[in-house]
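Numbering (our numbering), first residue to last: 336 to 533. Report on one structure; see the data block that follows.
Pasting the structure below:
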């Protein structure tokens, strides 16, 4: 294992080490999700000024059990992780689609929450909408002939319509209409695509 350089980011260094070490790769595959959970849990615990004793009381367990967990010296159950999440003011999310799941960095959380509240939606829906719009614009820039397909995938087509500068109904074309159930309005497009997002 190489030593970290003074000006090197710890996470970047660790990422390089993992790529070059099969044992670390095995550890990452086995315990990476738990390590991330503990990092987020500890961040929320510190942010909310909670001690191990506070967490033990909130989870109806012993402080020693909390200490063992934080040092990765125990194998927590789903129920325990759920109780810990609630104790620090969070919400547990468990998914096998880890490659496609992102935890918003702490410095963006309040911004996202404020914007979502302003738009009358949830943070998750706001992020998906924003990502969908940005990825669609990127794909559109690379392949203009795919305008119709991109718009079919978008739940927020009015945003893309303004970016494309064309009417969505014209872009979808007659060949796509059999796959789309539409209700067009000037402001909003509601559509369901057979087999998509179900």
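Every residue, glycine too, gets a C-beta built ideally from N, C-alpha and C.
Beta carbon of residue i nearer than 8 Å to that of residue j
{"i": "residue 398", "j": "residue 388", "result": "yes"}
{"i": "residue 352", "j": "residue 359", "result": "yes"}
{"i": "residue 441", "j": "residue 362", "result": "no"}
{"i": "residue 438", "j": "residue 430", "result": "no"}
{"i": "residue 433", "j": "residue 368", "result": "yes"}
Supposed contact pair residue j and residue i - C-beta distance, whole angstroms, cut 8 Å
{"i": "residue 462", "j": "residue 447", "result": "7 Å"}
{"i": "residue 419", "j": "residue 394", "result": "6 Å"}
task: Decide if the segment 421-436 is in contact with the segment 377-384; the criterion is three or more beta carbon pairs, one per stretch, under 8 Å apart.
output: yes
- request: Quick one: which unbroken alpha helix (DSSP H) runs of 4-plus residues sit fully inside the segment 408-489? Chain order, please.
  value: 413-422, 441-454, 458-477, 482-488
task: Count the CB pairs spanning the segment 364-378 and the segment 401-415 that are closer than 8 Å, and state whether there are at least three.
output: yes
task: Pick out the complete alpha helix (DSSP H) segments inside the segment 341-407, 4 residues or longer, and give them in chain order.
output: 345-355, 357-382, 387-394, 398-405
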